[in-house]
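Chains as they are written, first to last, in the UniProt record's numbering: chain A, 1 to 537; chain B, 1 to 537.
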């Protein structure tokens, strides 16, 4: 029998001054508030981490607090796994594992971590409003006032969603903040104090991961080639105006070719106007060259705040002059308001199924399954969307593009007969294989061989042939019947760089609008302030 | 060239006391704030209407304010169309038209209303965060304090979404409220004052539509039969635990059979636990009988507040003791967190495409396309979802159920060879036919003939045969090759009441847990306070 919210708040009340908890009493407060088997939301975003609260949670006494059911979008910090090893928590519903993917697989195998399900972000938030409402939420904010009002600014991310789904289900909301200020001293309110029960100043500012920063120095000539292929064979061909770019160097290369290569093709103003995207530093040259009309961000990006705040015409900036992101709204926009998702992957099988689960790692899905899916409820049309319609008058289709080099850095082919995910899923006892994007959802596949227009394949056999064609010199690619290649090209199911008017010899890094982080800083007029690990000067 | 936010606020400043506008200056304030061609969000929810603001907007001088581009979920009040006839507005992006559906069709035909697109709600909200951000938002709240903080309570609906998408894109937010209170006197804050520019006390409380109230007296024996068929042939067979019920008497009948018929089948605790649903009065008996675990509502329902607030174990009730709804979160939950959507329709064609567009009416889509779609990004599994998987290990599928009597009240068949929507869409110049739910998205069709398991059809021909079977004695149904019926039944593609163990003679109104509004009030312990038009006593 778990206690009511009132009983829990009564237990912690002696430690509080109003809603404010002393930093040193954090572990005591968790003991007072938590019951065994509670469903607990712990904010571990893609970027912002409630790390004071997660480190404190790892210090509770497992004899008093145990068997928690964690609901968290990301299992990304070491202590996120420590709590399972200690028995403080035993079950998790999550979306992404990232750096902890190996430990997650191990913990599942050891039986210390029971997986409810691995979700895509929007799916997890959806369930938090219905059957996964948290009893206690542990979140992070930039500032709080003494009434519990929170300022979350550029890194608002998922905080309002986690707080709302908890506060209106009789749950308790605890926020760690970087700074406590007096009433009325917040730049603005992002989350009303009436939804928040406890605020505590963290021992140090919350950890922020520079997840979407890509150093242009590391972009290769092959990635430039693939970016050119994508621009001609996908963006230009379908006149894609609204889109989401997944994380990685492949899409960073595309961003950096807009003001150069794409501009030389006369595409400015015709493609890439509206973006659902974190503030990618590599998009600065395109923004400054007038390519971009609007950006809706999932979160902030370390070092980008001054630049973003100076462009309220592009980013969502509040009356106070600072950005507000919103992970749930951006995921909805990425699902329903964009014509294209393009992202990199690690493995693609003969059917076109793609996954980032490899080598026994369970990395989760993040936003890709949602962003990389055709919303069957969509009813507005656009030229790009209609371009994929099966016939006149029929509904269109979202472009779901996967881009991948045929071989990885260590000579490991990215194309395989069967995904590692099949074996990983079997071992973990999942009901379905942890596929990130299913082959029959993918419409285009881009490799250095060219574009496979999978949506044009007439049947499963032709689809497999197109995947194998894109797989080039990998074993999967070499095993194909090459006598069919010419027919595939004539039918427009595949297109080589030559078919698209892309000259391989032009694919040079010198085409990139910025070739280093310093270049990006210069494009930003000095407003971009890169994190130290990206500074070479 | 439109003015900046600052210029507009400066123009209205002389009329304000802080953020508070005098009720009598509303039209003047709109003249001061609006520019021609502005994109304007006007809150016309399914239920809550910003009617003081819409009536005021209809009074502006079209010489000064004209060609507005309206972004609004519902075109439901007369003045919503008046502004187009007056030239104050010329374009609309919307989701639902309801009572104004005939005038909408007329205005499109006359050329006074240009349709951007007709959306499903979540799709429209998604675009408001990207390419349809409003310059000015006109919304409604229960209460505001003098700092602009808003209390929206049970009818929070879409207000936070509209406000956020405007306030963080340099737009101006104007809220009409029923009551102005002093700072600190709100029950709770639903929307922070830092997002709101102007508040004004409305001339009368906002209009609220009792859209989801269905009088059990009007439920027929045939609807009871269809409800029994649905419970046995769909809910029980697939063990559906999470679901959304569309509006109407068909689903109200199902709700009222849970504590009687379904209970007699031993289904309590096995089906219908978690609901995405407005507070339907007809669900009270199931809630009071312990059938329901949780409900996530899109909005409130007139007369249901006291009952809802007394069940914080079921509904999202805040620390202040009143409910908060959230249309965007509920639509996301309906998309990603439920296993089934079941709703009524008006027309179904031979392919299973369904539409509520008939007789030249353009009624829009509302939430049905979103709720009635299989989210391809879903990655968590459940027994019901896996039950529809094509094979072992493959992903499952959401149940999309349409329920309809073969003939309508006036002897008009609901099954047709071709939807009226085709002609309506053609006349209006739409790029695609305004289909509410596409035939290849529907998994089950329920009529008084039984259940057609469309997801089991092996090809288009078998699918058409199953639709025609369900169409019974309508011309579409009679035109079928009846010699195939037996094979369809043997293959489990269709099932009659007899196949499902439903006795037609048992289908009586007496099975309903409540047979009148009075019965519902009694079930609620006197807490449900029905609107006067539903009172016969």
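Ideal Cβ placement from N, Cα and C applies to all residues, glycine included. Just so we're clear, the structure is a prediction, and the values are computed from it rather than from any experiment.
C-alpha distance - residue i paired with residue j, whole-angstrom precision
i, j, result
"residue 36 of chain A", "residue 213 of chain A", "40 angstroms"
"residue 299 of chain B", "residue 278 of chain B", "6 angstroms"
"residue 535 of chain A", "residue 285 of chain A", "18 angstroms"
"residue 266 of chain B", "residue 260 of chain B", "10 angstroms"
"residue 450 of chain A", "residue 257 of chain A", "17 angstroms"
"residue 383 of chain B", "residue 353 of chain A", "24 angstroms"
"residue 19 of chain B", "residue 365 of chain B", "36 angstroms"
"residue 416 of chain A", "residue 408 of chain A", "12 angstroms"
"residue 183 of chain A", "residue 147 of chain A", "7 angstroms"
CB contact check: residue i to chain B, cutoff 8 angstroms
i, result
"residue 118 of chain A", "yes"
"residue 567 of chain A", "Chain A is shown from 1 up to 537; residue 567 of chain A falls before or after that span and cannot be answered."
"residue 199 of chain A", "no"
"residue 166 of chain A", "no"
"residue 35 of chain A", "no"
"residue 290 of chain A", "no"
"residue 365 of chain A", "yes"
"residue 296 of chain A", "yes"
"residue 134 of chain A", "no"
"residue 317 of chain A", "yes"
"residue 148 of chain A", "no"
"residue 419 of chain A", "no"
"residue 377 of chain A", "yes"
"residue 324 of chain A", "yes"
"residue 329 of chain A", "yes"
DSSP beta-bridge partners of residue i
i, result
"residue 445 of chain B", "B:402 and B:452"
"residue 74 of chain A", "A:96"
"residue 5 of chain B", "BP columns for residue 5 of chain B are empty, so no partner."
"residue 508 of chain A", "DSSP output for residue 508 of chain A lists no bridge partner at all."
"residue 114 of chain A", "A:91"
"residue 181 of chain A", "A:145"
"residue 413 of chain A", "A:407"
7 angstroms CB neighbourhood of residue i in its chain, flanking five on each side removed
i, result
"residue 369 of chain B", "120, 436 and 437"
"residue 361 of chain B", "101, 102 and 105"
"residue 291 of chain B", "258, 259, 268 and 272"
Residue-chain proximity (residue i, chain A), Cβ-Cβ < 8 angstroms
i, result
"residue 464 of chain B", "no"
"residue 374 of chain B", "yes"
"residue 208 of chain B", "no"
"residue 276 of chain B", "yes"
"residue 62 of chain B", "no"
"residue 370 of chain B", "yes"
"residue 101 of chain B", "no"
"residue 320 of chain B", "yes"
"residue 170 of chain B", "yes"
"residue 189 of chain B", "yes"
"residue 380 of chain B", "yes"
"residue 477 of chain B", "no"
"residue 125 of chain B", "yes"
"residue 441 of chain B", "yes"
Contacts around residue i, its chain only, beta-carbon distance under 6 angstroms, and the 5 residues preceding and following it disregarded
i, result
"residue 295 of chain A", "275, 277, 314 and 315"
"residue 62 of chain A", "86, 87 and 88"
"residue 165 of chain A", "128, 129 and 133"
beta-carbon residue i near the ligand FAD non-hydrogen atom, thresh 7 angstroms
i, result
"residue 122 of chain A", "Only the bare structure without any ligand can be found here, which leaves the ligand FAD out of the picture."
Limits of the alpha helix (DSSP H) - the one that residue i falls within
i, result
"residue 461 of chain B", "460-470"
"residue 31 of chain A", "26-33"
"residue 268 of chain A", "Here residue 268 of chain A belongs to no alpha helix (DSSP H), and DSSP marks it neither H nor E."
"residue 122 of chain B", "121-128"
Neighbourhood of residue i by C-beta distance below 8 angstroms, restricted to the same chain and skipping five residues each side
i, result
"residue 507 of chain A", "221, 222, 224, 225 and 228"
Residue i, enclosing beta strand (DSSP E) - first and last residue
i, result
"residue 298 of chain A", "Per DSSP, residue 298 of chain A belongs to no beta strand (DSSP E) and is neither H nor E."
"residue 341 of chain B", "340-344"
"residue 289 of chain B", "Residue 289 of chain B -> no beta strand (DSSP E), and no H or E assigned at all."
"residue 347 of chain A", "347-349"
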